[in-house]
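The opening position of the sequence shown corresponds to residue 14 in the numbering used here, with each subsequent residue numbered one higher.
First comes the structure, then the notes that go with it.
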Amino acid sequence: MVGFGSIGQGVLPLLLRHLEIRPAQISILAGDEDGRAVAAELGVEFAATPLLPDNYRALLAPRLAPGDFLVNVANDVSSAALIAVCRDRGALYIDTCIEPWAGGYTDASTSPRERTNYALREAALALGRRNGRGPTAILTHGANPGLVSHFVKQALLDVAAATGARPAVPATREAWARLARDLGVKAIHIAERDTQVAHPRKAPGEFVNTWSVEGFVGEACQPAELGWGTSERHFPPDGHRHASGSRAAIYLDRPGAATLVRSWTPLSGPMQASLITHGESISIADYLTLGAPEAPEYRPTVHYAYHPCDDTVLSVGELAARNWEAPERRRVLKDDLVEGVDELGVLLMGHARGAYWYGSRLSLDEARRLAPHNSATSLQVTAAVLAGIVWALRNPQEGVVEPEQLDWQLVLEIARPYLGRVVGVWSDWTPLSGRARLFPEELDAGDPWQFTNFRVS
């Protein structure tokens, strides 16, 4: 295991619980001393040895043999570099996001285009195309990206059943895209609201978050990105298309954390969230595309709408005021959390029933009952990592794959016991609901699914 922050510490007990593996078969390479006590408690070898561009091969190659597995849950370690080592050594691989080396998200000497998740994804997929079949390497299989791609498939079937369509369960990428098109799905939000609270609360000048400070600051500072759908009619003035690759997404000349969108979850109702760039915004939009990439017949708009815990919202405000320079004081909220829920799901909009949210509603108390060293946020991720590992062990020669290529039913079966209440909820909410109550706006009320929530944010 590379990296041992909140996700590494949370997934390790699940691996020991569900896999036929002994602690002596696991070793951890972490970037710092955080988590050493957890590793010792579970009897696992731990070394605080950061992986860097000039040492990663020397550190990893002796530890990897054919059939071994590298679980990458680190920040600032190149996913592409680790995949290449695993390929050379015959080892399997999984990560929860496609990471660059340190500074890759925020290097001001590079263009915003180079700092996008689109660019990172295209490079990783190109690596897979060059190598072809070989040891399985699963990209981006945490909660999101990852688990939410499987939520989308279940949600599409739920909408089909509720609207009277009775399709066979799609067996191909094209069949899933046709189903989404035929149902009239125009937009998919990955809609998450985290209400967990810690004691002590955030202090001025301190950045706190419920899963990773470095990881969240990195993605918060990346350009806002979203899968760009065929129903959109108002291209953002600071938006940019890509000239190659899947062309399923666009990016904006602004940080994702500074780009506010309107979304909805069942418990919180309407919310104002940040358009944080995430791999699933691109991969789901790409997977559900019909027609040529440059001029598709159908593609839904897909984006992540993230409302983190309230203290993280305050942290982001301070981060923006500092012109996106992270403070020295940082705290990952884990053992100091006292209550709250992480509500994470997919919101499918534009179909005959209006809007449908499907996902996980997991409380802090239940997460702690279900698995040690976890919060509500981390357990949604670690359950998906476990499920991805099981799929890879059963399918060890698939090369580089994304969540959409995995067996979605298997993944949900394995993860579901750790997700609290998995629910589907219908709503008549739209991004335009109540928009002009206080101030008049020129809105197309006949097309409430257009991405107007972004256009005037």
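Even glycine gets a Cβ: it sits at the ideal position worked out from N, Cα and C.
From the listed residues Thr119, Arg100, Val182, Glu58, the smallest Cα separation to Ala150 is found for Arg100. Taking the CA atoms as reference points, Thr272 sits about 15 Å from His202. In the structure shown, Tyr118 adopts coil according to DSSP, grouped into three states. Counting C-beta pairs closer than 8 Å gives three or more between the segment 134–152 and the segment 404–414, which meets the contact rule. Residue range 92–102 is occupied by the alpha helix (DSSP H) that includes Ile96. Runs of the alpha helix (DSSP H) spanning 4 or more residues and lying entirely within the segment 208–295 occur at 226–234, in chain order.
Under a 10 Å Cβ-count criterion, Ser122 is classified as exposed, with fewer than 16 other Cβ atoms of the shown protein chains found around its own Cβ.
A distance of 8 Å or more separates the beta carbons of Asp47 and Ala211. The three-state reading of DSSP puts Ile39 in coil, since its state is none of H, G, I, E or B. Taking Leu169 as reference, the option from Ala368, Asp420, Glu54 with the minimal CA-CA separation is Ala368.
For Glu135 and Gly258, the gap between their C-alpha atoms comes out near 7 Å.
Taking every protein chain shown into account, the CB of Ile297 has 16 or more other CB atoms within 10 angstroms, so this residue is buried.
Fully enclosed beta strand (DSSP E) runs of no fewer than 3 residues occupy 40–43, 58–61 of the segment 17–69, in order along the chain. Membership of Tyr131 in any beta strand (DSSP E) is not indicated; the residue belongs instead to the alpha helix (DSSP H) covering 130–144.
If you ignore the 5 residues before and after Arg30, its C-beta comes within less than 7 Å of no other C-beta in its own chain. Beta-bridge partners of Phe82 (DSSP): Leu105. As computed with DSSP, His320 is found in a beta bridge with Arg206. The three-state secondary structure of Glu411, taken from DSSP, is coil.
Comparing alpha carbon positions, the residue from Ala237, Lys215, Arg366 closest to Asp171 is Arg366. Secondary structure at Pro180: coil, using DSSP grouped into helix, strand and coil. In the structure shown, Val172 adopts helical secondary structure according to DSSP, grouped into three states. Contact between the segment 19–39 and the segment 386–404 is established, with three or more Cβ pairs separated by less than 8 Å. Taking C-alpha positions only, Ser92 is separated from Pro66 by approximately 12 Å. The beta carbon of Thr208 sits closer than 6 Å to those of Gly353, Val354, all from its chain and outside the five residues before and after it, given in chain order.
In the DSSP assignment, Ala74 falls outside any beta strand (DSSP E), carrying neither H nor E. In its chain, beyond the 5 residues on either side, Gly358, Val359, Tyr371, Gly372 have a beta carbon closer than 7 Å to the beta carbon of Phe164. Residue environment for Val351: exposed (fewer than 16 other C-beta atoms within 10 angstroms of its C-beta).
If you look at Leu423, you'll find it isn't in any beta strand (DSSP E); it sits in the alpha helix (DSSP H) that goes 421–428. Shortest Cα-Cα distance from Ile34 to any of Ala262, Ser446, Glu227, Val57 involves Val57. Going by DSSP, Arg448 is part of no beta strand (DSSP E) at all; its letter is neither H nor E.
Secondary structure at His163: helix, using DSSP grouped into helix, strand and coil. In the three-state scheme derived from DSSP, where H, G and I count as helix and E and B as strand, Pro385 is classed as coil.
Fewer than three Cβ pairs drawn from the segment 433–444 and the segment 182–193 lie within less than 8 Å of each other, which leaves the two stretches out of contact.
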